[in-house]
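Asks:
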Amino acid sequence: MDRAFADDPTVLWVSEDPEVFASEHHRYVQMCAEPAFDHEGVHATAGFEGAAIWYPPGIGVSDEDFEAFTRTVRFPDKLNGLGALADACDRHRPKGPHWTLELIAVDPAIQNKGIGARLMEFGLAKCDRSGLPVFLASSNSANLPFYRRLGFAQTAELRNPGLPTMYPMIRDNRTWPG
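Our numbering numbers the first residue of the sequence shown as 12 and each following residue consecutively.
#1: Mapping DSSP to helix, strand and coil, what is Gly189?
#2: Can you tell me which of the three DSSP states Thr166 falls into?
#3: Residues in its own chain within less than 7 Å of Ile64 by CB, not counting five upstream and five downstream?
#4: Quick check on the DSSP output: what are the complete alpha helix (DSSP H) runs of length 4 or more inside the region 97 to 171, in order along the chain?
#5: How would you label His37, buried or exposed, when you count the other beta carbons within 10 angstroms and need 16 or more for buried?
#6: Taking Arg85 as the reference, which of Trp110, Pro119 and Glu30 has the closest Cα?
#7: Are Thr111 and Leu161 closer than 8 Å when you measure CB to CB?
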């Protein structure tokens, strides 16, 4: 995930320094993955070329864990700004129970070979079996067409002065055909 997010607009905004990125992003991904492990929500390819983190309804990083992480970073004000942006994204979540795609990444050296699509199909199949909608907040406008092809609809374009732009998206609930 670190290689895949190295040129992400939001990550670049938070970690201007490559050394800061190297240490902090890895810990951020670990923090995001921990709540998903107990719910079989961390999916990776066999060779770890790609991975995705999914949260079932009611699961995610706790406020306490995020605050503890914020106290350990080099630019806590920027991370707090992203927290405010995440709160703005949360206002675009489905009202009832839903799944969340927290992170998905494919090693840039082998992107555009269907790895991301396979990871999404695997995770979305689990979501579809539940019949619940799926939420994500993309930090990179270049990824929006990919998500749209998978049935996601953009619900907003959140622009706050001095912060990166975020794109909340929802995929309506589907009933698993099997």
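Using N, Cα and C, we set each Cβ at its ideal position, and we do this for glycine too. Note that the structure is predicted; figures quoted are calculated from it, not measured.
Replies: Let's see:
#1: Within the sequence shown, the letter at position 178 stands for residue 189. Interpretation of Gly189 is limited by its pLDDT of 47, a score under 50 that renders its predicted location unreliable; the figure taken from the coordinates is listed afterwards. Coil.
#2: What you label residue 166 is simply residue 155 of the sequence shown in a count that begins at 1. Coil, per DSSP.
#3: Here residue 64 is taken as the residue at index 53 of the sequence shown, counted from 1. Within the same chain, Ile64 has close Cβ partners Cys43, Ala44, Ala47, Gly52, Val53, Glu113 and Leu114.
#4: 126 to 141 and 155 to 160
#5: Counting from 1 along the sequence shown, the entry for residue 37 is found at position 26. His37 comes out exposed.
#6: Position 74 of the sequence shown, counted from the start, is the residue given in the question as residue 85. Among Trp110, Pro119 and Glu30, the Cα nearest to that of Arg85 is on Glu30.
#7: Locating residue 111 in the sequence shown gives position 100, where the first residue counts as 1. Locating residue 161 in the sequence shown gives position 150, where the first residue counts as 1. No.
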